[in-house]
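**Q** Dropping a structure here in structure tokens format, bear with me for questions.
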Amino acid sequence: MAFLLALSLLTLSPIASRSLVLSKLQPRTAPGGAGKRTGSRSLESTNAALLHLPLSFEPSDRANEFVVRGGGRTLFLTPVEMAMTFRDRRLRLTLAGANTHAQAEALDELPGKRNYLIGNDRAKWRTGVPAYAQVRYGEIYPCVSVKYYGSGQELEYDFEVAPGADPRQIRMNLDRGFRPRVSAAGDLVLQTSSGEVQEKKPVAYQEIDGRRRLIEAGFVLVSRRQIAFKIGAYDPTRPLVIDAVLIYSTYLGGSGDDLASSIAVDFANNLYIAGTTSSTNFPTHAPAYPATAGLSDIFVTKLDSTGHNIVYSTYIGGSGLDRGDGIAIDSSGNAYVVGRVDSSSTNFPTTAGAFAPTYRGGDFDGVLFKLNPQGNGLVYSTFVGGEENDSTEGVAVDSSGRAYVTGGSRSVAFPTTASAFQTVRSGDTDAYLLKFNAGGSSVLYGTMLGGGGTDRGSGVVVDSSGNAYVAGYTGSSDFPTSDAFQNSPGGSYDAFLAKFDTNAIGASSLVFCSYLGGSGDDKAFGVAIDSSAANVFIVGQTSSSNFPVLSPVQSTSGGGFDAFIASISSTGAKVFATYLGGNGDDRGTGIAVNSSSESYVTGFTFSTNFPTVNALQNSNGGGADAFIAKLNSSGSAFSYATYFGDSGNESFASTMTSTNPIALDPASTAYVVGYTASTNLLTASPLQAANAGGQDAFIARISDSATNPIDTPDFFVRQHYLDFLNRQADPSGLAFWVGGITSCSSDQACIASKRVDTSAAFFLSIEFQDTGYLVYRIYKAAYGNIANAPVPIRLSEFLPDTQEIGNGVIVGQGNWQQQLENNKQAFTLEFVQRSRFTSAYATNLSPTQFVNLLFTNAGLSNVTARSKALRDVAESATFAQQEFNRAFVLMQYYGYLRRNPYDPPEPTLDYQGYSFWLTKLNSFGGNYVNAEMVKAFITSDEYRHRFGP
81 MAFLLALSLL TLSPIASRSL VLSKLQPRTA PGGAGKRTGS RSLESTNAAL
131 LHLPLSFEPS DRANEFVVRG GGRTLFLTPV EMAMTFRDRR LRLTLAGANT
181 HAQAEALDEL PGKRNYLIGN DRAKWRTGVP AYAQVRYGEI YPCVSVKYYG
231 SGQELEYDFE VAPGADPRQI RMNLDRGFRP RVSAAGDLVL QTSSGEVQEK
281 KPVAYQEIDG RRRLIEAGFV LVSRRQIAFK IGAYDPTRPL VIDAVLIYST
331 YLGGSGDDLA SSIAVDFANN LYIAGTTSST NFPTHAPAYP ATAGLSDIFV
381 TKLDSTGHNI VYSTYIGGSG LDRGDGIAID SSGNAYVVGR VDSSSTNFPT
431 TAGAFAPTYR GGDFDGVLFK LNPQGNGLVY STFVGGEEND STEGVAVDSS
481 GRAYVTGGSR SVAFPTTASA FQTVRSGDTD AYLLKFNAGG SSVLYGTMLG
531 GGGTDRGSGV VVDSSGNAYV AGYTGSSDFP TSDAFQNSPG GSYDAFLAKF
581 DTNAIGASSL VFCSYLGGSG DDKAFGVAID SSAANVFIVG QTSSSNFPVL
631 SPVQSTSGGG FDAFIASISS TGAKVFATYL GGNGDDRGTG IAVNSSSESY
681 VTGFTFSTNF PTVNALQNSN GGGADAFIAK LNSSGSAFSY ATYFGDSGNE
731 SFASTMTSTN PIALDPASTA YVVGYTASTN LLTASPLQAA NAGGQDAFIA
781 RISDSATNPI DTPDFFVRQH YLDFLNRQAD PSGLAFWVGG ITSCSSDQAC
831 IASKRVDTSA AFFLSIEFQD TGYLVYRIYK AAYGNIANAP VPIRLSEFLP
881 DTQEIGNGVI VGQGNWQQQL ENNKQAFTLE FVQRSRFTSA YATNLSPTQF
931 VNLLFTNAGL SNVTARSKAL RDVAESATFA QQEFNRAFVL MQYYGYLRRN
981 PYDPPEPTLD YQGYSFWLTK LNSFGGNYVN AEMVKAFITS DEYRHRFGP
């Protein structure tokens, strides 16, 4: 079995990464013979594919100041200072005597935007915040500049000393409380009462005749609180670079933990992660914006389908402790997030017209908000609860955009509806189910569910008929069962599963409800439903030695608490139930189910003999390790079960309330989120002996398939709809293109030819020519090519603009021409109002004045005039023909590889590959078959590794 795992430390501040070399996509006729397939990925290369996420630099709301985010940590840069939190201390390095007015230059903008919806004063929100890979401050000393950038998760900075300048003027002052020393290796060690921070021995060099000549360099302690550089002999008539690296990420954290609780995957395989961050409350003498409003905030981060690029990362919070627990995604890319906030967060951002725009009462309330597809605005946001303590822990959304939430409530005045099964609380805490309308302004169905004890809903799923399944646990002996497979409790706490028909009224709305447990404590934490809605699957934890198993793969408890997995039919019959665990405590926290009804289970284990099968890691790395297991549809055998962890604690799911820490894509690749307290989870030799930064969030991507789904015609065609048309396949189109490939039967040459023709057809289609290719031409018409590049547009610009102009367009269906025209008008009107366009086309330019005057005389606005003129040029047939081959080649990178032509793994990190293919395509008169261009891209390792081995 090919067991493949990819791991990413997902920093909870907005970052983006470049892809890593998995294979080199080069023409088959080029030297090196690249383009051939090398077989399954190795663990090492796949690991790195999601690991290398660099630091990012965000402009603060003060000129020349930047917030640096990465690895769950936050730093702060000014022209003369870099600062960071170190547990309860601040570490501040100040450039002595430097120019406080040095001008900053942000370099290499990263994909995606960052949004800060902090507090209920919208005027103070910041949206669309860019992030950069580098920041350079010029002339911090006479003829000396400094450039900051990321090296992995470390902050690297270069002092650039001009010819004739004196490097001895560079001196750094330390805060009190840090005792500096220079180690035998030449590293600067800053000793504190909490531990050590290192700066690696600096490297100095000069570029001479195209080669880097190293210069001897080191740190020198000028005093107990001042550091300088000692530089060996060098040529003062040439530039000198002093390169230093601050090692902080394995030991130095923010003031708290970063916890990823939940993950979802949309139809285009984009990933959405929700959780809690407390690492952005960075204290400085002049606090950088943005920071958290309170002790912790909810975050939502969207990654593209490669897992390499941030689409957006958004913080939402009030003044207190805010926690993100669950996330669900609708077909339009709206994110529905639930969590809870404490009584200090009465200013949590809600929306006008929401069901409950003000805090309801108690020590904490639940929250539900719907984040728009761009991540920069709230469609709605509401508190959930009554006068007492309430939490929302699970969320699901149906095809009409109606959200279903569950959790626990102690409130008497909880917002139930007249149609509810149970309108009032029965015990100390009751579980509940609420169904909201699509606008979040009202509750369509709301019921309590509980008896005389403590009851809580942990997760909810919904089927296509609007039936909602709630899983959780109950401490009530009189819990309201109905058509149950277990009518009475077995112990002090039992798991439960309840099915509600939310369109029914009163008692008839509870279809079935059952206990599940033995004589110990049993709790369900996760729930999933298969694609046919035939069976529901739950996962949790049991201490019962007599847990009611059925057709189990593990029939007895391993000791302590064990995880359990159970499958229940849609009619309420138990299909199977099994233990999963070893001699320590084990907990199942999340579950997902693929189209074959195979279940994927995650959680954590303290056991040293957890039952592994086809394992990636056969033994416990120390403390609590995460685990993931795949169970067949009958529950009789594991395809795999493996530890995942190292010397610290790891878990898939950050808290007991994490309701969906696992999600599957259409190829049954599993994506799981969790936390690690290990400093050596990802490296063989950690930089520090202990993690002083609390817990870091991470994502793991796991596939056990030895085959690649892109080889199947159905998946291949569906992926082209996603990659080129940004939508799901329409049935008639899917059948046509799949039929063309399958008509070849087993003729491999025919199949290869049909796949190339099918693939090229998506670029050549009317739909793409009027959406993606039009966006290309608009950028080319407006700005020409990017400086020092042969193309006019970057991937980070192309994708969102193409999605906007093609929204709702399916050629041949409905009034698609009018929809497309409406989209074109709206897009170009917005485009000509962007700052980049207005900066490039000032109103005093005579050609612009001429065009504007013509349209002004016709009674049209200036904006409309510019939009119309831009479209006239971009939609010119001559212009489209001129740019056709250039765009065709560029779309090979954007459509298939989802990267810029100069991004890794491009060997030369420039446009040489693009230029090669353009030259070759032109030499064949645009014949992509004879040029073998499309064939090379769709058979490349890089393309195939997006989906499997």
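Just so it is clear: in the sequence shown, position 705 is 785 by this note's numbering, and no numbers are missing.
Beta carbons: idealized from backbone N, C-alpha and C, even for Gly.
Is S329 helix, strand or coil when you go by DSSP?
**A** Unreliable positioning characterises S329 in this predicted model, as indicated by a pLDDT of 35, which lies under 50. The coordinate reading is nonetheless provided below. DSSP places S329 in coil when its eight states are reduced to three.
**Q** Rounded C-beta distance between L451 and A476? I'm assuming under 8 Å.
**A** Their Cβ separation, rounded to whole angstroms, is 16 Å, which puts L451 and A476 out of contact at 8 Å.
**Q** Buried or exposed: H181, going by 16 or more other Cβ atoms within 10 Å of its Cβ?
**A** exposed
**Q** If we count Cβ pairs, one from each stretch, closer than 8 Å, do we get three or more for the segment 1003-1022 versus the segment 879-895?
**A** no
**Q** Which complete beta strand (DSSP E) runs does the segment 571-634 hold, if anything under 3 residues is left out?
**A** 574-581, 590-596, 602-609, 615-622
**Q** Write down the C-beta distance between G715 and I645 rounded to the nearest angstrom, noting that I regard them as a contact closer than 8 Å.
**A** Right, the Cβ-Cβ distance comes to about 7 Å (below 8 Å), so this counts as a contact.
**Q** Mapping the DSSP letters down to three states, classify G1028 as helix, strand or coil.
**A** coil
**Q** If we count Cβ pairs, one from each stretch, closer than 8 Å, do we get three or more for the segment 821-832 versus the segment 843-856?
**A** no
**Q** Suppose you measure from the CA of Y395 to the CA of G894; what does that come to, to the nearest Å?
**A** 39 Å
**Q** Going by CA-CA distance only, name the one from G598, Q621, V616, V591 that's closest to F605.
**A** Q621
**Q** In this structure, does DSSP put V655 in helix, strand or coil?
**A** strand
**Q** Going by alpha carbons, who is nearest to T838 out of G531, T496, A829, W817?
**A** Out of G531, T496, A829, W817, the CA that lies nearest to the CA of T838 is found in W817.
**Q** Are the CB atoms of A780 and F707 nearer to each other than 8 Å?
**A** no
**Q** Just the Cα atoms here: how many angstroms apart are D402 and A436?
**A** Rounded to whole angstroms, D402 to A436 spans 17 Å at the Cα level.
**Q** Considering Cα atoms alone, identify which of D510, T582, G400 is closest to V523.
**A** T582
**Q** So the candidates are E185, V147, A313; which of them puts its Cα closest to the Cα of E219?
**A** If we check each option's Cα against that of E219, E185 comes out closest.
**Q** Roughly how many whole angstroms lie between the Cα atoms of Y573 and G455?
**A** 39 Å
**Q** Return the residue from the list Q183, Y991, N700 that minimises the CA-CA distance to R874.
**A** Out of Q183, Y991, N700, Y991 has the C-alpha closest to the C-alpha of R874.
**Q** Tell me whether A615 is buried or exposed, calling it buried when 16 or more other Cβ atoms sit within 10 Å of its Cβ.
**A** In the sequence under discussion, the amino acid at residue 615 is Asn, which differs from the Ala named in the question. N615 should be labelled buried.
**Q** Thinking C-alpha only, which one of A786, A840, Q883, W205 is nearest H800?
**A** When only C-alpha atoms are compared, the closest one is A840.
**Q** Roughly how many whole angstroms lie between the Cα atoms of Q972 and G892?
**A** 25 Å
**Q** What does DSSP give as the partner residues of A324 in its beta bridges?
**A** Y237
**Q** Taking its Cβ as the centre, do 16 or more other Cβ atoms sit within 10 Å of G30, making it buried, or is it exposed?
**A** Lying before the first or after the last residue shown, residue 30 is absent from the chain, which here runs from 81 to 1029.
**Q** Q808 to I890, Cα distance in whole Å?
**A** 10 Å
**Q** Please go through the same chain and pick out, in chain order, the residues whose beta-carbon is closer than 7 Å to the beta-carbon of S594, but skip the five residues on each side of it.
**A** Here the set comprises T561, A564, F565, Q566, F576, L577, G652.
**Q** Near L802, which residues of its chain fall below 6 Å by C-beta distance, leaving aside the five closest residues on each side in sequence?
**A** Shown here for L802: same chain residues with a beta carbon closer than 6 Å to its own, the five before and five after excluded, namely A348 in chain order.
**Q** Could you check the C-alpha separation between D794 and H1025 for me, to the nearest Å?
**A** The alpha-carbon atoms of D794 and H1025 are separated by roughly 18 Å.
**Q** Note the first and the last residue of the continuous alpha helix (DSSP H) segment covering Y856.
**A** 852-863
**Q** Can you name, in chain order, every residue of its own chain whose Cβ lies under 6 Å from the Cβ of N200, other than the five neighbours on each side?
**A** Excluding the 5 residues flanking it on each side, N200 has same chain C-beta neighbours closer than 6 Å at N427, P429, in chain order.
**Q** Going by beta-carbon coordinates alone, are I407 and V447 separated by less than 8 Å?
**A** No Cβ-Cβ contact shorter than 8 Å links I407 with V447.
**Q** Rounded to whole angstroms, what's the CA-CA distance from R536 to A643? Just pull it up for me.
**A** 18 Å
**Q** Figure out for me which residue from A704, A709, V681, T685 has the closest Cα to the Cα of N694.
**A** Cα-wise, what sits closest to N694 is A709.
**Q** Which of helix, strand or coil does DSSP assign to L401?
**A** strand
**Q** On the DSSP bridge list, what partners appear for N253?
**A** T174, Q306
**Q** Would you report the Cα separation of R951 and T908, rounded to the nearest angstrom?
**A** 7 Å
**Q** Just curious, the beta strand (DSSP E) that T787 is in, first and last residue?
**A** Counting along the chain, T787 falls outside any beta strand (DSSP E), and DSSP gives it neither H nor E.
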